[in-house]
Structures are given as structure tokens and as C-alpha cells.
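Residue numbering for the sequence shown follows the UniProt record's numbering, starting at 1 and increasing by one per position.
We put the beta carbon where it would ideally sit given N, CA and C, even for glycine.
Keep in mind it's a predicted model, so treat the numbers as computed, not measured.
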Amino acid sequence: MPDYPVDMEMRPEVEGFFDPASNTISYIVKDPGSDACAIIDSVLDIDYAAGRITYDSADALIDAVTSRGLSLEWIIETHVHADHLSAAPYIQDKLGGKIGTGARIMEVQETFGKIFNEGTEFQRDGSQFDALFEDGDRYEIGGMSAFAISTPGHTPACMVHVIGDAAFAGDTLFMPDGGSARADFPGGDAGELYDSIQKVLALPEAMRLFICHDYGPGGRAIAWETNIGAQREANIHVGGGKTREEFIKFRTERDAQLAMPKLIIPSLQVNMRAGEIPTDETGNPVLKVPVNGL
Ligand SMILES: [Fe+2]
């Protein structure tokens, strides 16, 4: 494991935006010492039955950035989401900033490029993104230094982003009572997910951890902030020293019971293109449904 450059003295201002349609939390992370900020895991609204895309969720993020006079430096995707579309290019059009994701996106593009029978015009080299992060790569948000931790398992390209004393978990961990994300999508692996989670749990106990999805298990109110100590102790899938074997058995049995996310078909096609909607030969935006492909 690389020696990650943790800086618990840096405390970014973090605001979460909850999307009830996909149970996703998007974040604006602001440098306390400047106007610089980043957006993590934005949402593009879709009525899939109608084939209609709208921008309310993305506009809420854009309004929050512009009304405070912030300067958007980064638009981060923790991974290729399977349950919502990314609004990264729409936001970049309005506010600028660089779109960044994990370098292993190329493996995800290879896998789903085949499943969606994409032609040669679909590049599988990650070139749709402005930055591809490797494990331990650093970047700046104003005066803040951030870094990415490679956390494969849910998908190969998953990363946890650490900005000062705040880590953004993506789907690597949910709230302690929510556990972990599934590992059965193409390219997923329960054992790898366990190993990735151990890397995250090795971060400082007091580090804040912001998660990407919450479903309010047991009827509790939606929540998205926890910390590393709480996860080590109480995470229902990995806390309290659960072994790798226990986790793999549990995760595999559980995943076999889960239905596909409602928006997986449109989400993968859009998100593997950094949030761009694919087009047909005449240039019109169009989504495919591969029959028995997933
Ligand atoms: Fe996900």
C-alpha cells in the first residue's frame, strides 16, 4: 500500500445534496482558504420510461456554486455508477473544471463496450475524461491537497477520494448500518472489495467519511456522514473484524438475491462516456437496450 499523504489538519467544507430518485448523495467540497471547490458524483435526472432527461439536480449544484461565487476546479466521479446518470459534462459546460475518475475506467469501457456492442468510435482509453487517477495520485483543489485510493471490488475503477480530513467513499462503504455495495456486476469481485475496504479502514479513525448512497435501512432518516472509527467498529458487513472468507460468503449469497438497478442500462452507457449521452449515426442522442446482455 502506498504511503498516503493524509492531512487531518485540513478541514474542507462539505455539503451533501440528496437525490431521492436514486438515493445518491452528491457533494460540493470547498477549500476553507479560497473560493475553490470540487463536485463529487453529480446526478443527471432521467425519466427512463419516457426517455426524458432533465437537469434539476445538476442545476441545484450549479446554483450552489455560482450563488457563492465559487470556482469549480474538479468534477470527480468515484466510479461508473450503475444506478444514476452523471451530470459531469453538463456541469463542466456551465462552470468549467476537470472531470476525473479512476484509470481502470479502461477495463470498464472494455467490458461494457462489448456488452453494448459499441463500435470503434467508442474509445476504450479513458480519453472522455480530463484526468485518470492511479492509486495514491494527488491533485489540488485551491490550497487543498487531495488524493485518490484505488478501491476495486464493486467495479474495477472505483476510487475513494481523500481531501484533508474528509474521505468520499463512493460505493466502497455505505453507512455502518447499510454495509457495503454489491460486487456482482461484470468486473466486480467480493474478495477485492474486502481488500479495498481494509485500505479505507486503515485511514485515521477520526477521518470523516461521506458516502454516495443511503437507503435509510429500518426506516431511519437518510444520512451520509460517518467516520472511519464508526465503520471499523459497527459496519454490518465488515466491522468488528469480519474475516475475508465471511465477507465473500455473505456478499456472494446476498448479491445472488439482488435485482438489477432500475437505471443500470442507461447509466452504464452514459457514465462510461464520462456522462455524455451516446448518439446514433445522425447525431441524435439515443440509448440502447442489449437483450439478455447483462
Ligand atoms: Fe455504484
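If you pair each beta-carbon of the region 183 to 191 with each one of the region 139 to 148, do three or more pairs fall below 8 Å? no
Point to revise | Counterpart residues of residue 102 in DSSP-defined beta bridges | key: 133
Kindly indicate which three-state DSSP category residue 55 falls into: helix, strand or coil?
coil
If we ignore side chains and look at the alpha-carbon of each, how far apart do residue 236 and residue 252 end up? Answer to the nearest angstrom: the Cα atoms are 15 Å apart.
query = What's the gap between the Cα of residue 172 and the Cα of residue 160?
reply = 7 Å
Considering only the alpha carbon of each residue, which of 140, 204, 176 lies closest to residue 33? 140
Inset, instruction - Tell me whether residue 156 is buried or exposed, calling it buried when 16 or more other Cβ atoms sit within 10 Å of its Cβ. - result: buried
Whether residue 91 touches residue 150 by CB criterion (7 Å): no
message: Based on DSSP bridge pairs, tell me the residues matched to residue 249.
response: Looking at the DSSP assignment, residue 249 forms no beta bridge with any residue, so it has no partner.
* CB contact flag (residue 65, residue 166, <7 Å) -> Not closer than 7 Å, so no.
Practice problem: May I ask you to check if the CB of residue 171 is nearer than 6 Å to at least one heavy atom of ligand 1? | Solution: yes
Which complete alpha helix (DSSP H) runs does the region 223 to 275 hold, if anything under 4 residues is left out?
Within the region 223 to 275, the complete alpha helix (DSSP H) segments at least 4 residues long are 228 to 234, 244 to 257, 264 to 271, listed from N- to C-terminus.
**OP:** Provide the residue span of the alpha helix (DSSP H) that contains residue 201, from first to last.
**Re:** Residues 190 to 201.
Through-space distance from residue 127 to residue 292, alpha-carbon basis = About 29 Å.
- Query: Going straight from the alpha carbon of residue 247 to that of residue 203, what length do you get?
  - Reply: 20 Å
Here's the rule I'm using: 16 or more other beta-carbon atoms within 10 Å means buried, otherwise exposed. How should residue 205 be labelled? exposed
Only counting the same chain, and skipping five residues up and downstream in sequence, which positions put a Cβ closer than 8 Å to that of residue 290? 115, 116, 117, 265
For the putative contact between residue 238 and residue 197, defined by C-beta atoms under 8 Å, what is the C-beta separation to the nearest angstrom?
5 Å
What are the start and end residues of each continuous beta strand (DSSP E) run of 3 or more residues lying completely inside the region 145 to 188, in chain order?
-> 159 to 163, 166 to 168
Beta carbon of residue 296: closer than 6 Å to some heavy atom of ligand 1? Nothing can be reported for residue 296: it is not among the residues displayed for the chain, which extend from 1 to 294.
Give me the Cα-Cα distance between residue 280 and residue 35, rounded to the nearest whole angstrom.
Approximately 40 Å, taken between the alpha carbons.
Residue 152 and residue 177 closer than 7 Å at C-beta
no
At 4 residues or longer, what runs of the alpha helix (DSSP H) sit wholly inside the region 16 to 93? List check, alpha helix (DSSP H) in window: 56 to 67.
query = Are the CB atoms of residue 12 and residue 163 nearer to each other than 7 Å?
reply = Residue 163 sits close to residue 12, with the two beta carbons spaced by under 7 Å.
Going by the CB atoms, is the gap between residue 132 and residue 88 shorter than 7 Å? no
Could you check which residue in 294, 260, 154 has the C-alpha nearest to that of residue 189? 154
(Q) Less than 8 Å between C-beta atoms, sequence neighbours within five positions excluded: which residues of the same chain meet that for residue 305? (A) A query on residue 305 cannot be resolved here, the shown segment of the chain reaching from 1 to 294 and no further.
Counted within 10 angstroms of its Cβ, other Cβ atoms place residue 100 as buried (16 or more) or exposed:
buried
Item checked: Cβ neighbour criterion (16 or more within 10 Å) applied to residue 286 -> exposed
First through last residue of the beta strand (DSSP E) which encompasses residue 141: 138 to 141
Nearest-angstrom Cα distance between residue 174 and residue 62? Each residue's Cα considered, the two are about 26 Å apart.
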